[in-house]
Amino acid sequence: SPFRHMTTPGGYDMSVAMTNCGNYGWVTDRRGYRYTDRDPITQNCWPEMPNTFYQLAINAAREGGFDQFQPDVCLINRYAVGAKMSLHQDKDETDFAQPIVSLSFGLPAIFQFGGMLRSDTLKKVLLTHGDVVVWGGDSRLVYHGILPIKDGDHRLTGPYRINMTFRKSG
Ligand code: MD6
Ligand code: FE
Numbered sequence: 000s001p002f003r004h005m006t007t008p009g010g011y012d013m014s015v016a017m018t019n020c021g022n023y024g025w026v027t028d029r030r031g032y033r034y035t036d037r038d039p040i041t042q043n044c045w046p047e048m049p050n051t052f053y054q055l056a057i058n059a060a061r062e063g064g065f066d067q068f069q070p071d072v073c074l075i076n077r078y079a080v081g082a083k084m085s086l087h088q089d090k091d092e093t094d095f096a097q098p099i100v101s102l103s104f105g106l107p108a109i110f111q112f113g114g115m116l117r118s119d120t121l122k123k124v125l126l127t128h129g130d131v132v133v134w135g136g137d138s139r140l141v142y143h144g145i146l147p148i149k150d151g152d153h154r155l156t157g158p159y160r161i162n163m164t165f166r167k168s169g
């Protein structure tokens with residue numbers, strides 16, 4: 000399941016390249032945002048989520064106060080220099096009591112953390128290589144985004160930022 004630039008329902012190609020592992024994967028195209036059990040490019044199941052990833056996500060969630068987290072999706076985002084993610088809410092999942100666990104690797108990013116309205120003031124949070132965010136509770140549905148990635152060269156990822164988010168889709 001290669002990285003690919005998906006199309007939003009509005010018809011824009013995302014600057015972030017994406018793929019997934021796990022029983023389900025997050026996709027977008029002209030028909031909308033959703034989770035699928037197959038990769039639309041390969042027509043196969045998404046690659047298995049490595050057990051080491053799964054355990055790391057569960058352990059991080061537990062440390063953040065979420066004891067029952069059993070992720071079935073790992074969405075992998077790859078940002079080249081200049082790529083960004085516009086303000087959005089993550090609401091394609093069924094149970095918003097479940098957190099999202101996010102890992103960042105490679106080039107740093109400025110994460111914008113807002114409120115329940117798109118117009119709410121944004122806090123900037125720097126995410127750097129190795130950062131783990133457990134995101135849930137009252138914050139689960141707040142607007143957030145990633146500002147354009149600045150030029151750089153990371154010893155492990157070169158000119159890229161990689162983000163992995165672990166989710167329970169349904
Ligand atoms: C990113 N992350 O860090 C984009 N969403 O590249 C997200 O959009 C995100 O980190 C929900 C929960 C945690 C996240
Ligand atoms: Fe998000």
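Following this note's numbering, the numbering of the sequence shown begins with 0 at its first residue and continues without gaps. All C-beta atoms in this analysis are idealised placements derived from N, C-alpha and C, irrespective of residue type, glycine included.
Tell me the DSSP bridge mates of residue i?
i: H87; result: H143
i: G31; result: D28
i: T6; result: D12
i: S101; result: V132, T164
i: N76; result: M17, N162
Grab the span of the alpha helix (DSSP H) containing residue i for me, first residue to last.
i: A96; result: Counting along the chain, A96 falls outside any alpha helix (DSSP H), and DSSP gives it neither H nor E.
i: I57; result: 50-62
Say whether chain C places a C-beta atom closer than 8 Å to the C-beta of residue i.
i: E92; result: No chain C is part of this structure, which consists of one protein chain only.
If I follow the unbroken beta strand (DSSP E) through residue i, where does it start and stop?
i: C20; result: 16-21
i: T164; result: 159-166
i: F112; result: 108-112
i: I148; result: It is not in any beta strand (DSSP E) - I148 carries neither H nor E in the DSSP assignment.
Excluding sequence positions up to five away, which residues of its chain have a Cβ less than 8 Å from the Cβ of residue i?
i: E47; result: C20, G21
i: R29; result: T6, P8, G10
i: E62; result: V133
Going straight from the alpha carbon of residue i to that of residue j, what length do you get?
i: G24; j: T120; result: 31 Å
i: Y142; j: M115; result: 6 Å
i: V40; j: S0; result: Reading off the sequence, residue 40 comes out as Ile, not Val. Distance between the alpha carbons of I40 and S0 is about 7 Å.
i: V100; j: R37; result: 22 Å
i: L146; j: D91; result: 22 Å
i: F104; j: R139; result: 22 Å
i: Q69; j: S168; result: 10 Å
i: T127; j: Y159; result: 12 Å
In its own chain, which residues sit with a C-beta less than 7 Å from the C-beta of residue i, not counting the 5 before and 5 after it?
i: F52; result: C73
i: S85; result: G144
Near residue i, what residues of its chain come up, given a Cβ to Cβ distance below 6 Å and the 5 sequence neighbours on each side ignored?
i: G151; result: L106
**Test item, CB below 6 Å from any non-hydrogen atom of the ligand FE** = H87, D89, H143
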